[in-house]
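The opening position of the sequence shown corresponds to residue 1 in the UniProt record's numbering, with each subsequent residue numbered one higher.
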Amino acid sequence: MSVFNTNLQTLQSRVPSTIFLGCSNLDALHGMEVSSLADGMLDKLDLYGDEDSEDTVYTRFMKAHRCYDIIPTSSKLVVFDVSLQVKKAFFALVANGVRAAPLWDNHRQAFVGMLTITDFINILHRYYKSPLVQIYELEEHKIETWRELYLQDSFKPLVNIPPHASLFDAVNSLIKNKIHRLPVVDPVTGNALYILTHKRVLRFLTLFMSEMPQPPFMKHSLEELGIGTFRDIAIIHPGTPVICALSLFVERRVSALPVVDSSGKVVDIYSKFDVINLAAEKTYNNLDVTVTQALRHRSQHFEGVMTCRRNEQLQTIVDRLVKAEVHRLVVVNESDVVEGIVSLSDILQALVLTPADNDKEK
Numbered sequence: 001m002s003v004f005n006t007n008l009q010t011l012q013s014r015v016p017s018t019i020f021l022g023c024s025n026l027d028a029l030h031g032m033e034v035s036s037l038a039d040g041m042l043d044k045l046d047l048y049g050d051e052d053s054e055d056t057v058y059t060r061f062m063k064a065h066r067c068y069d070i071i072p073t074s075s076k077l078v079v080f081d082v083s084l085q086v087k088k089a090f091f092a093l094v095a096n097g098v099r100a101a102p103l104w105d106n107h108r109q110a111f112v113g114m115l116t117i118t119d120f121i122n123i124l125h126r127y128y129k130s131p132l133v134q135i136y137e138l139e140e141h142k143i144e145t146w147r148e149l150y151l152q153d154s155f156k157p158l159v160n161i162p163p164h165a166s167l168f169d170a171v172n173s174l175i176k177n178k179i180h181r182l183p184v185v186d187p188v189t190g191n192a193l194y195i196l197t198h199k200r201v202l203r204f205l206t207l208f209m210s211e212m213p214q215p216p217f218m219k220h221s222l223e224e225l226g227i228g229t230f231r232d233i234a235i236i237h238p239g240t241p242v243i244c245a246l247s248l249f250v251e252r253r254v255s256a257l258p259v260v261d262s263s264g265k266v267v268d269i270y271s272k273f274d275v276i277n278l279a280a281e282k283t284y285n286n287l288d289v290t291v292t293q294a295l296r297h298r299s300q301h302f303e304g305v306m307t308c309r310r311n312e313q314l315q316t317i318v319d320r321l322v323k324a325e326v327h328r329l330v331v332v333n334e335s336d337v338v339e340g341i342v343s344l345s346d347i348l349q350a351l352v353l354t355p356a357d358n359d360k361e362k
């Protein structure tokens, strides 16, 4: 595993000549700290205007700031070479405490994709037979072999964004491409600098919310604004086998499954991130265990089941998401029965993209 530094102020970085064991560790990103950006950050745009423009204040904020504004002074970026064994790659994700890593193809001399927990889920879902049968494909396949088998002829270029692109463009790319991670890639060197996520973008925005005029829609409820998913919510029960939960992740394309009791009351949540514990505990060879049993291996950093109500104001929802550092809220009624899900993607859509779309229509 090698270490290399990136100077974001000049946007110059060095790709390691060799990627030892397929991993590169970016430990010292030298850029602009978010805290140091506060002075003058809001001077880039006219935050105050007529009543109609108040709705687009967050949109204009995001258009006025660049992806490099969000990159912290120090950050770790793990990169895998596609020749690395799949099993070693997932163990490396666990060891480094990250959820995804860009994939480097040495033959093409380019980043060709991302390896995420979703890949781990897809491999387990596709090849698991029983606790008595070893998952050969996970034990022996290289990343490039898995990509060839899984993607077949559907290879697509890696969705990425340059550091000088606006945060508005980043949000638009995350949501329109239905992805959870957006690599920031230097167009000059071709090096990956950082991974943008919904959570990181929303946190950055909220750092400056108190200094901006609040749009009227922030005082409206989820129900009034039509934010969230309230139909056909995928749920599981405490006794649901893990393999069945994995099937739901794959078939329904969701990132979390509320765990409900016999009355429909939410008692836990099983997210894609929880699945990586199967690798951490090396228990992926028995997926017939129940979700409840699997969650006993959950790390101490469990986000918890955070809930909300349809009638709560958007500002309250945003504050709760950011404070709890969670990726979603489960919408429940007075009896804690699941009614829907509100994701970070839903929130960024409402704060940034919808006002921009509405402004175009005027």
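Every residue, glycine too, gets a C-beta built ideally from N, C-alpha and C.
Quick one: using the 10 Å Cβ neighbour count with 16 as the cut-off for buried, is residue i buried or exposed?
| i | result |
| --- | --- |
| E334 | exposed |
| V82 | buried |
| G340 | buried |
| Y136 | exposed |
| G228 | buried |
| H297 | exposed |
| D288 | exposed |
| Y284 | buried |
State the Cα-Cα distance for the pair residue i and residue j, rounded to the nearest angstrom.
| i | j | result |
| --- | --- | --- |
| residue 367 | R231 | Absent from the structure is residue 367, since the part of the chain shown begins at 1 and ends at 362. |
| T329 | M306 | The sequence given here has Leu at residue 329, not Thr. When rounded, the distance between both Cα atoms is 5 Å. |
| K219 | I317 | 10 Å |
| F168 | L278 | 36 Å |
| Q109 | I123 | 26 Å |
| I235 | L257 | 5 Å |
| T116 | G239 | 27 Å |
| V171 | Q293 | 37 Å |
| K63 | S166 | 5 Å |
| F91 | N358 | 45 Å |
| S74 | L93 | 19 Å |
| P355 | F217 | 10 Å |
| Q12 | V184 | Because Q12 sits at a pLDDT of 39, beneath the cut-off of 50, its placement in the model cannot be relied upon, and the following sentence gives the value as read from the coordinates. Rounded to the nearest angstrom, the two C-alpha atoms are 13 Å apart. |
| V259 | P187 | 43 Å |
| M209 | F61 | 10 Å |
| P215 | T59 | 11 Å |
| I276 | P213 | 41 Å |
| I143 | L77 | 18 Å |
| Y128 | K156 | 27 Å |
| E54 | N177 | 28 Å |
| L353 | I175 | 9 Å |
Please determine, among the options, the residue with the shortest C-alpha to C-alpha distance to residue i.
| i | options | result |
| --- | --- | --- |
| A100 | D119, L84 and W146 | D119 |
| V267 | Y284, H237, D274 and K282 | H237 |
| I179 | L344, L151, E140 and T290 | L344 |
| I243 | M114, I175, D357 and S130 | S130 |
| residue 384 | E281, L295, R252 and I276 | With the chain running from 1 to 362 in the structure shown, residue 384 is simply not present. |
| K323 | D357, R310 and T206 | T206 |
| R203 | V289, L321 and K176 | L321 |
| T189 | Y284, F111, W146 and K142 | F111 |
| K265 | V331, L348, P216 and E211 | V331 |
| H198 | A356, D346, P213 and L77 | D346 |
| A280 | L174, G97, R200 and W146 | G97 |
| K282 | S53, L84, E54 and A95 | A95 |
| L103 | D55, L138, L149 and N191 | N191 |
| R310 | T290, T56 and V342 | V342 |
| D261 | V79, D274, L151 and V337 | V337 |
| V79 | D105, V57 and T56 | D105 |
| R147 | S173, V254, L348 and Q85 | Q85 |
Rounded to whole angstroms, how far is the Cβ of residue i from the Cβ of residue j, which I believe are closer than 8 Å?
| i | j | result |
| --- | --- | --- |
| I121 | K272 | 6 Å |
| L196 | L182 | 4 Å |
| L138 | K88 | So it is not a contact: roughly 11 Å between Cβ atoms. |
Does the segment 156-172 touch the segment 66-80, meaning 3 or more C-beta pairs lie closer than 8 Å?
yes
Contact between the segment 210-225 and the segment 235-250 (3+ Cβ pairs under 8 Å)
no
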